[in-house]
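K.L.:
Position 60 of the sequence shown, counting from 1, maps to 60 under full-length UniProt numbering, and the rest follow consecutively.
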Amino acid sequence: MILKRKAALLIIILVMSILSTGCNIFSGPPESEESVKQKVVAHLVSKGYKENEFNIEVKYYKSGEGKFGGPYAINVVFNDEPNVIYGYKYNYKSENKDITQNGVAPMEGKDDKNFKHAE
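1) Can you tell me which of the three DSSP states glutamate 119 falls into?
2) Please state whether DSSP places glutamate 57 in a helix, a strand or coil.
3) Our contact map puts lysine 93 next to alanine 73 with C-beta atoms below 8 Å; I'd like the distance itself, whole angstroms only.
4) Taking just the CA atoms, how far does lysine 39 sit from serine 46?
5) Check for me: the beta strand (DSSP E) holding leucine 95 runs from which residue to which?
6) From what residue to what residue does the beta strand (DSSP E) around glutamate 31 run?
Below, the structure is given as structure tokens:
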């Protein structure tokens, strides 16, 4: 009798653990990539850029918290500087949810370090 109760309790705990892990694995991003992209556009427009002066790529990585400064990898390439990728961070956990530049990566063919759009 006691053994059956312990087994039942163990099974319940196991099922709850599996369900909570499964829900965490299949949960989506805090915000859609398109929503984050629009926030980056708004940030750049507030800095004086026009929407046709840059291209933005946003990707969500569930396990990318430390890698990109958050789960969103945000890359911006300006049309007048196509050999440089500017990295941005979306501070989605902060109260004001701001966008900040967190890196510059010159691509092949960019020898100097004079970045036109560094913030």
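The C-beta atom is built at its ideal place from N, Cα and C for all residues, glycine as well.
Since we're looking at a predicted model, the values are computed, not measured.
P.N.:
For this structure:
1) By one-based count along the sequence shown, residue 119 stands at place 119. Residue state, collapsed to three classes: coil.
2) To locate residue 57, count along the sequence shown from 1; it is residue 57. In this structure, glutamate 57 counts as strand in the three-state DSSP scheme.
3) Numbered from 1 along the sequence shown, position 93 holds the residue referred to as residue 93. Numbered from 1 along the sequence shown, position 73 holds the residue referred to as residue 73. With 8 Å as the limit, lysine 93 and alanine 73 do not qualify as a contact, their Cβ atoms being about 16 Å apart.
4) In the sequence shown, counting from the first residue as 1, residue 46 sits at position 46. In the sequence shown, counting from the first residue as 1, residue 39 sits at position 39. If you take the alpha carbons of serine 46 and lysine 39, they lie about 11 Å apart.
5) Stepping through the sequence shown from its first residue, residue 95 is reached at position 95. A quick correction: the sequence has glutamate, not leucine, at residue 95. Taken as a continuous stretch (DSSP letters only), glutamate 95 belongs to no beta strand (DSSP E), as it is neither H nor E.
6) The count along the sequence shown starts at 1 and reaches residue 31 at position 31. Per DSSP, glutamate 31 belongs to no beta strand (DSSP E) and is neither H nor E.
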